[in-house]
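>
Numbering (the numbering used here), first residue to last: 119 to 470.
(1) Would you check if there are 3 or more beta carbon pairs closer than 8 Å linking the segment 245 to 256 to the segment 210 to 221?
(2) Given that a residue counts as buried once 16 or more other Cβ atoms are within 10 Å of its Cβ, and exposed if not, what is residue 323?
(3) If you count every other CB in all the chains shown that lies within 10 Å of the CB of residue 232, and 16 or more means buried, which is it?
(4) Taking C-alpha atoms, which residue in 353, 148, 304, 382 lies nearest to residue 406?
(5) Helix, strand or coil for residue 467, going by three-state DSSP, please let me know.
(6) Anyone know if the C-beta pair for residue 106 and residue 304 falls short of 8 Å?
(7) Can you give the Cα-Cα distance for residue 129 and residue 171, rounded to whole angstroms?
(8) I need the straight-line Cα distance from residue 115 to residue 466, nearest angstrom please.
(9) Tell me which residue opens and which closes the alpha helix (DSSP H) that residue 197 is part of.
(10) Considering only residues of the segment 212 to 248, which uninterrupted beta strand (DSSP E) runs meet the minimum length of 3 residues and lie entirely inside it, listed in chain order?
(11) Could you compute how far the alpha carbon of residue 150 sits from the alpha carbon of residue 156?
(12) Whose CA, out of 327, 359, 375, lies closest to the CA of residue 344?
(13) On a CA-only basis, which of 158, 307, 435 is nearest residue 458? Give me that one, please.
(14) Do the segment 328 to 344 and the segment 258 to 270 meet, that is, are 3 or more Cβ pairs less than 8 Å apart?
(15) Give the range of the beta strand (DSSP E) segment to which residue 295 is assigned.
(16) Taking a contact to mean a Cβ-Cβ separation below 8 Å, would you say residue 153 touches residue 210 in this structure?
(17) Quick one: residues in its chain with C-beta nearer than 7 Å to the C-beta of residue 325, no 5 flanking neighbours on either side, listed in chain order?
(18) Going by DSSP in three states, residue 135 sits in which element: helix, strand or coil?
(19) Around the C-beta of residue 255, are 16 or more other C-beta atoms found within 10 angstroms, so that it is buried, or is it exposed?
(20) Using the C-alpha atoms, what's the distance from residue 384 back to residue 227?
(21) Roughly how many whole angstroms lie between the Cα atoms of residue 310 and residue 434?
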């Protein structure tokens, strides 16, 4: 079989390898023929070496990417057979050991992409408990978009809600930064839940797409740099109850300015970088106190919350937005496309 592998030294150095198809399976494992892989900004940062402070640079190449969908082609034993059959369509969870509850440090050791081999390969072995069934109405391409982006968005909106009771209130205002995978998934979910949505972007074309998907308000921050003031204007001074904060240090200051009193900033991404510069006059802590707001880090979510999300998707018939599909042989082009930030929603690689 073939797989792409990296030494965390840049996209240009990712190599295509030929290795044997795995044949040895434990009792609780299954072999999956990977059909589609969807890409995240995390994949680019890992390949470019931005995570070298978190992970040791590997001595041998590692297979990147965590988000994949495919078909079960081999069952390890009785334990796996109690959950899956050959031919079942499945998609991955980012941390197969994280089944329920808050994320704990020990879950990190099961993270797909690193330290566990990723899914940018034709076949991969998974623990049976670390997979989720693809809903019947959804195609395998769309399913590959659920692992990180959709689950992260769901947790950003509902982390404090009991399972089975997602937030539903048109008076709840959700601010979604940008039009990448998490923000577009969050927009789809928020609209299906009946929440009010505001989307920011520097592109009128992307904002029109967001409008077509149901965004109530749009803000082009290249034309309105003080977008936090515009959020306050649109909400009659109240601010956004939930902010999907994907920018990081470059946008956090304005997010703190426009979060509603008692609201939540769900910290998800670091698209503007991972270091803080030009801090506001008041500390982050003091500004949170002033608005009685919560700053909540969102690190994807457990399997049971992802399954809750899938059930909601099935009821609402939500179809993840796929921007472009690349052939397996064009994986490097796909990675560069994600890095460019030109996409709306998810970028997918067709493996099989």
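Glycine is no exception: its CB is placed at the ideal position from the N, C-alpha and C atoms.
From the atom records:
(1) yes
(2) exposed
(3) buried
(4) 382
(5) strand
(6) A question about residue 106 goes unanswered here, because the residues of the chain that appear run from 119 up to 470.
(7) 18 Å
(8) Residue 115 lies beyond the range of the chain shown here (119 to 470); nothing can be said about it.
(9) 196 to 199
(10) 241 to 245
(11) 16 Å
(12) 375
(13) 158
(14) no
(15) 291 to 295
(16) no
(17) 317, 319, 336, 338
(18) strand
(19) exposed
(20) 24 Å
(21) 7 Å
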